[in-house]
Amino acid sequence: MTTASARHILVESEAQCLELKQQIEGGAEFAELAKQHSSCPSGRSGGDLGSFGRGQMVREFDEVVFTAPLNTVQGPVKTQFGYHLLEVTRRDD
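Numbering (the UniProt record's numbering), first residue to last: 1 to 93.
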């Protein structure tokens with residue numbers, strides 16, 4: 001089974017998500033922004049979601065995690081929970 005590790009930042013608005021993405025592109029640390037802004041409990045650990053397989057996350061999330069290049073920030077990705085920035089840190093294809 002294909003597994004991946006990823007981290008994310010979850011916020012309420014697309015605008016906030018885009019602002020955080022710009023900050024990361026400008027050199028801000030993903031983990032620090034996750035700690036400061038993410039509404040997901042994973043924010044406390046820098047957004048780290050650990051390892052998971054296909055189908056364990058919501059569809060929109062899965063589609064990005066299992067196709068995106070490693071170590072690049074993706075998003076905003078809209079799900080039922082809000083807007084995510086995602087970074088795939090490992091994937092066993």
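Quick reminder that beta carbons are idealized off the backbone N, C-alpha and C, glycines included.
Look at the beta carbons and you see the stretch 9-23 touching the stretch 63-80: at least three pairs across the two are nearer than 8 Å. Rounded to whole angstroms, the gap between the alpha carbons of P69 and V88 is 7 Å. The residue among R90, Q56, D92, H84 with its C-alpha nearest the C-alpha of A34 is H84. Membership of A28 in any beta strand (DSSP E) is not indicated, and neither H nor E is assigned to it by DSSP. Residue environment for V11: buried (at least 16 other C-beta atoms within 10 angstroms of its C-beta). Boundaries for E87: no alpha helix (DSSP H) harbours it, while the beta strand (DSSP E) harbouring it runs 82-92, taken from the DSSP string. Proximity to R90 across M57, L49, E60, R59 peaks at L49, based on C-alpha coordinates.
Exclusion of the five residues before and after A6 leaves L49, V65, L86, E87, V88, T89 as the residues of its chain whose Cβ lies within less than 7 Å of its Cβ.
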